[in-house]
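Numbering (this note's numbering), first residue to last: 109 to 578.
Each residue gets a CB set at the ideal place from its N, CA and C atoms; glycine is no exception.
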């Protein structure tokens, strides 16, 4: 098995079929699970890294190639991108190996006549990789940041306007940081059992670092395999869940006996944690398709959560039978996903200014259709995995001023470390001459938090809490 050829085919499939990268990479690693851990780690890093750095790689290729990247044959384009990534970002790979293997693969796949072209471009970049051309940082700040952090210019402009140069650049760097697998242990097991499970994983070569925000969540290191192969995972003692998702459930303050409705539940992480907190209560987990229902049920079954019912239901519709029944409503609505680009690396190439308006409309439809499920005095917890004002702070205004909910401060609800990070970020924004929550009252601002990569130890995320007034 030639692992570089496997990466090449994966990149070609992504370009040709438009599948989501995180799903395709997972399916490839599952299919070739018999490979050594070192080879699987190489496949994962090279595939994801090439996607993540695509804009930057194309900038260099356009500079050194006589043929623009957009006019290259798809196979040659993908081959050059992955080869340049190896030379620039994988120190364990000699430049000569990356170059020679690319020429060999080009010939093997029927492009022997282009071996000289491939070799020439890669040799030029290899020879000048310590002094590669970049846009002028002062004269062209948007283009510089776009190339430096491989981010579309319109997104760079949006964040520069919203945060200022320093905060935006830290955010861009944070989105490129390595994201270890995040394991959330069941809150129903004891601390002693949790420590024992962590010790077992460490003995098997998995680094385990407790997350600073939540005691039951750990970040892994030195592990490139499928989490499903971990004994604690298969035994239902832990699940893959980012701290931001768990914080959303924490913010809802679910109590024993509560009835919780999770409108957009798949893959079930929030529903399962909510069920653990609800105890003798019940969670109704809904999503729009059979596929999402199956994924959610699979995770629920593995974690042994018996107090969850899973249903297929379109969140844009109102279920009259649920009106004023829920103690807690979880609304993690579909969004642009700009906060999780570090894990879903092709999001930034898929999202456009033109399709964002439709998302905002959908979010309002789902929120308006579901808000009536909350009892008087009950909680509505709104969240997204994006870091865009129109999908977050603007929705706070909508929920308060048009749907009539009251904002509930997150002080004392979220961990102190998270709230302290929020205060630090807001102070930085004031210094930069930016408003942390433009258009919101102080009470509304205290009811929400935007988690920013680079500034906080989490994915990009937004959480807001409300109460249905009497």
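- Residue 183 counts as buried, since at least 16 other C-beta atoms from the protein chains shown sit within 10 angstroms of its C-beta.
- Residue 578 sits exposed, since fewer than 16 C-beta atoms from the chains shown fall within 10 Å of its C-beta.
- For residue 223, there is no enclosing beta strand (DSSP E); the residue is part of the alpha helix (DSSP H) that begins and ends at 223-235.
- Boundaries of the alpha helix (DSSP H) harbouring residue 152: 145-160, taken from the DSSP string.
- Secondary structure note for residue 426: it is in no alpha helix (DSSP H), with a DSSP letter that is neither H nor E.
- Of the residues assessed, residue 474 falls on the buried side of the cut-off, its CB having 16 or more other CB atoms within 10 angstroms.
- According to the DSSP secondary-structure assignment, residue 515 is paired through a beta bridge with 574.
- Inter-segment contact for the region 494-509 and the region 569-576 is present: three or more beta-carbon pairs are separated by less than 8 Å.
- In the three-state reduction of the DSSP assignment, residue 198 falls in the coil class.
- According to DSSP, residue 329 shares a beta bridge with 315.
- Within the region 444-483, the complete alpha helix (DSSP H) segments of 4 residues or longer fall at 455-458 and 461-478, listed in chain order.
- With respect to residue 347, residue 297 sits apart: the two C-beta atoms are not nearer than 8 Å.
- The DSSP-derived three-state label of residue 493 is coil.
- Listed in chain order, the non-local C-beta contacts of residue 438 below 6 Å within the same chain comprise 370, 378 and 489, local neighbours out to five positions each way being set aside.
- C-alpha of residue 526 to C-alpha of residue 517: approximately 14 Å in a straight line.
- By the criterion of a C-beta distance shorter than 7 Å, residue 472 is surrounded in its chain by 506, once the five residues flanking it on both sides are discounted.
- About 11 Å separates the beta carbons of residue 316 and residue 338, which is beyond the 8 Å limit, so they are not a contact pair.
- Under the three-state reduction of DSSP output, residue 171 falls in the helix class.
- Taken atom to atom, the span from the alpha-carbon of residue 294 to that of residue 287 is near 21 Å.
- Per the DSSP secondary-structure output, residue 420 pairs in a beta bridge with 395.
- Counting of Cβ neighbours within 10 angstroms places residue 460 among the exposed residues, the total staying below 16.
- DSSP, reduced to helix, strand and coil, places residue 253 within a helical segment of the structure shown.
- For residue 435, the enclosing beta strand (DSSP E) stretches over residues 434-440.
- Listed in chain order, the non-local C-beta contacts of residue 271 below 8 Å within the same chain comprise 279, 537, 540 and 542, local neighbours out to five positions each way being set aside.
- With respect to the C-alpha of residue 354, the residue from 550, 336, 282 and 325 having the closest C-alpha is 325.
- With 16 or more other Cβ atoms inside 10 Å of its own Cβ, residue 256 counts as buried.
- A straight-line Cα-Cα distance of about 28 Å links residue 307 and residue 450.
- The straight-line gap separating the alpha-carbon atoms of residue 170 and residue 177 is approximately 6 Å.
- Under DSSP, residue 369 shares a beta bridge with 392 and 437.
- Taking C-alpha positions only, residue 546 is separated from residue 248 by approximately 28 Å.
- Around the C-beta of residue 531, fewer than 16 other C-beta atoms lie within 10 Å, and the residue is accordingly described as exposed.
- Looking at the backbone, the Cα of residue 446 and that of residue 220 are separated by about 40 Å.
- Shown here for residue 211: same chain residues with a beta carbon closer than 6 Å to its own, the five before and five after excluded, namely 223, 226 and 227 in chain order.
- Residue 408 is a Cβ neighbour of residue 376, given a cutoff of 8 Å.
- The three-state secondary structure of residue 487, taken from DSSP, is strand.
- Straight-line spacing of the CA atoms in residue 129 and residue 116 works out to 13 Å.
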